[in-house]
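J.: Below is the structure I would like to discuss, written out as structure tokens.
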Amino acid sequence: MIQSNHNKSSFYKTNKKMINLKVYTLVIFIILNTTIFSQIYVAPYGNDSDPGTIDQPLESIQKAQELVSPGDTVFIRGGTYQIREDQISRIVSNLFACISYLDKSGTEDHTIKYWAYPGETPIFDFSNVKPANQRVAGIYITGSYIHIKGLEMTGVQVTITTHTESYCIYSRGNHNIFEQISMHDNVGTGLRHYRGGNNLFLNCDSYRNWDNVSEDKLGSNNDGFGCHPDPGSTGNIFRGCRAWFNSDDGFDIIRADESVVFDSCLAFYNGYTTSFDELGDGNGFKAGGYAHDNADQIPNPVPRHTVEFCIAVRNKANGFDSNHHLAGNNWYNNSAYRNATNFNMVNRVSPDSDDIWANGYDHVLKNNLSYNARGSETEYIDTAQNTLSHNSFDLGINITDEDFVSLDESQLTAPRKPDGSLPDIDFMKPAQGSDIIDAGIDIGFGFLGNAPELGAIEVNYLTDVLNNEGRMPEKISLFHNYPNPFNPLTDIIYEVPNSGNVEITIYDSIGRKIKTLVNEMKNSGTYEVRFDGSNLTSGVYFYRLQMNGNSIVKQMLLLK
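The structure is reproduced here in structure tokens:
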């Protein structure tokens, strides 16, 4: 039947209304089921009676915590926050005077963020906070799933003259991230973590911290960073952090009940004043230890710590120190220079023994580089009780200054990159043609060339060397990406012996194709391609080279 024009018009109007109603209903449904996260603002000129908007910011982080919920972000505006004693928010155990006490937790999917406002640096100065007979804690954290980023903290004071310690940050939570935090010129320790697990300490600096008030005034309890997790609190990692001119140790994990990892960290000049007057212990990396603890105080099993791709320079005592530990540690690709002892593996005999000066046992040392120690390159290393492989001190390599691009120590304090990562420096970088290049052994990390370099810095002289020698590749080769782990950029080098179509493809951990990096004709030679994982989540990925029916696959790790 043919409808009239009038009926057609009514039909279309009715259907249009129904469609609009459905769209509106869908929009309302989406709005009601979408979580909207808040942004709260803190500024030096703020007021805690204001609502915390960008135009009417709060004065304190503590007040901001009252307003946040999981998923919210507290933006902390730049400028100097001159902290007052009346801003102490809580006294813990009648001892810790906490300026900011963060006990509200986020969730795994929705962390609570306390971030510096983009492009600005908030500076918290605690110089005027001097409560009698109490330890000062700039930020005391018991909450979990918290991310603190971009703060500068200075002036933390000590008032107790017996054994004590104050802190910029005193951490006791789980699953927290501390990123791009600068802690300097304090009478207290930079950051000390107790109890919790799965915390990431990323791209932080702690320097010129000296307790010249308590005990002998040498600051024998003031470290750049400390980490002492409870049993079961695994997964604490320090990555890209630097510690220098701290009165005691750079990194200290004495009496840690679970394993701790130090990856790509730098420790230098610890145990000294800025004029190199001697102060406290002065170790770069103090990895564990139970020197005088009773047997019932020692964890079972004793944790095995890992120190990898770290650099220790001119610390008062040891660059890398086992500190009377009761087990072995893993020491991979570390570089030590001008420490009193570069690598000291001293252990304690057993929990039932008072002999704390035993030769180290059960340590694994691979690809480490030791040069120009002020005293000994190594101490307490019994080759029969440890696993040593491809270290400068067991390979018999004759190292000189010419093996390095630079030994200019001023590069150690170079400014960080805009994303907070460590600067690219030439200090202790292997010079082209050095015997320390390709002198290591493959232990699962990415490297360039035929084998890893000794020490913390991998170099890319492969293409230049091949071109200079005029050698053409003899077979298809796919090298380990570098750096690995990476975030977000990594380089992949490959060789092809003759002309042909080359395809390099990236896959995720379950085999899904992510991206094709190369798919074109190549002549015989060595090539390099860069992969950008900015839009990917952390995890394991694979890259495959295909040419003339041949296929090579390697694995890489993206860590954000």
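Just so we're aligned, residue 721 is where the sequence shown starts under the numbering used here, counting upward by one.
Glycine is no exception: its CB is placed at the ideal position from the N, C-alpha and C atoms.
1. Buried or exposed for Pro1021, please, with buried defined as at least 16 other CB atoms from any protein chain shown within 10 angstroms of its CB.
2. Give me the Cα-Cα distance between Asn929 and Gln1017, rounded to the nearest whole angstrom.
3. Starting from Lys783, trace the alpha helix (DSSP H) in both directions and tell me its first and last residue.
4. Between which two residues does the beta strand (DSSP E) carrying Asp1041 extend?
5. Of the residues Tyr834, Asp770 and Glu805, which one's Cα is nearest the Cα of Gly798?
6. Just to confirm, are Ile832 and Val762 a CB contact at a threshold of 7 Å?
7. Check the C-beta distance from Tyr1227 over to Tyr1261 and give it rounded, since I have them as a contact under 8 Å.
8. How is Asn1174 classed by DSSP in three states: helix, strand or coil?
9. Measure the Cβ-Cβ separation of Asn1014 and His1045 and say whether it is below 7 Å.
10. Within 10 angstroms of its Cβ, does His904 collect 16 or more other Cβ (buried), or is it exposed?
11. For Ser967, does the three-state DSSP call read helix, strand or coil?
12. In angstroms, rounded to a whole number, what distance separates the CA positions of Gly1245 and Asn1218?
13. Per DSSP, what kind of secondary structure is Phe1063 in: helix, strand or coil?
14. For Asp768, which of helix, strand or coil comes out of DSSP?
15. Please state if the CB of Asn923 and the CB of Ser1141 are separated by a distance shorter than 7 Å.
16. Answer with buried or exposed for Ala1134, where buried requires no fewer than 16 other C-beta atoms within 10 angstroms of its C-beta.
17. Can you give me the Cβ contacts of His883 inside the same chain, cut-off strictly under 8 Å, excluding the 5 residues immediately before and after it?
18. Are the segment 1031-1041 and the segment 1051-1070 in contact at 8 Å, needing three or more beta carbon pairs?
19. Do Asp1041 and Asn1003 come within 7 Å of each other at the CB atom, strictly closer than that value?
20. Provide the residue span of the beta strand (DSSP E) that contains Asp1146, from first to last.
21. In the DSSP assignment, find the unbroken alpha helix (DSSP H) run with Leu1115 in it and report its ends.
22. Could you check what DSSP says for Asp1121 in three-state terms: helix, strand or coil?
23. Between the beta-carbon of Gly766 and the beta-carbon of Glu786, is there less than 7 Å?
24. Decide if Glu1215 is buried, meaning its Cβ has at least 16 other Cβ atoms within 10 Å, or exposed.
25. Report the residue ranges of all beta strand (DSSP E) runs contained in full by the segment 867-955; include only those spanning at least 3 residues, in chain order.
26. Does DSSP put Ala987 in a helix, in a strand, or in coil?
27. So, for Thr1183: in the same chain, excluding its five sequence neighbours on each side, which residues have a beta-carbon less than 7 Å away from its beta-carbon?
28. Look up Lys710 in the DSSP assignment and give the residues it is bridged to.
29. At a Cβ threshold of 7 Å, is Trp1077 touching chain D?
30. State buried or exposed for His1083, treating a residue as buried only when at least 16 other CB atoms are found within 10 Å of its CB.
31. What would DSSP say about Thr1133, mapped onto helix, strand or coil?
32. What number of angstroms, rounded off, separates the C-alpha of Arg912 from the C-alpha of Trp964?
33. Using C-beta distances below 6 Å, list every residue in its chain close to Gln1152, excluding the 5 sequence neighbours before and after it, in chain order.
34. Alpha carbon to alpha carbon, what distance is there between Gln1266 and Lys824?
35. Which value, in whole angstroms, describes the spacing of the CA atoms of Gly1220 and Phe1251?
36. In chain order, what residues of the same chain lie with their CB nearer than 6 Å to the CB of Lys1280, ignoring the 5 residues before and after it?
T.: On the basis of the supplied data:
1. exposed
2. 30 Å
3. Ile781 to Leu787
4. Asn1038 to Asp1041
5. Tyr834
6. no
7. Correct: roughly 7 Å between the Cβ atoms.
8. Note on residue identity: the sequence assigns Leu, not Asn, to residue 1174. Correct three-state label for Leu1174: coil.
9. no
10. buried
11. coil
12. 8 Å
13. strand
14. coil
15. yes
16. exposed
17. Closer than 8 Å at the Cβ level, and outside the excluded window around His883, lie Ser934, Glu935 and Asn941.
18. With the cut-off at 8 Å, the segment 1031-1041 and the segment 1051-1070 touch.
19. yes
20. That residue, Asp1146, is in no beta strand (DSSP E); it is neither H nor E in DSSP.
21. Ser1112 to Leu1115
22. helix
23. no
24. buried
25. 872-874, 887-891, 897-899, 902-904, 909-915, 920-922, 925-927 and 945-949
26. strand
27. Its pLDDT being 45, under 50, Thr1183 is placed unreliably in this model, and the coordinates cannot settle the point.
28. Missing from the structure shown is residue 710; the chain here goes from 721 to 1280 and no further.
29. Among the chains of the structure shown, chain D does not appear; only one protein chain is present.
30. buried
31. helix
32. 16 Å
33. Tyr1181.
34. 52 Å
35. Cα to Cα, Gly1220 sits roughly 22 Å from Phe1251.
36. Asn1207 and Ser1258
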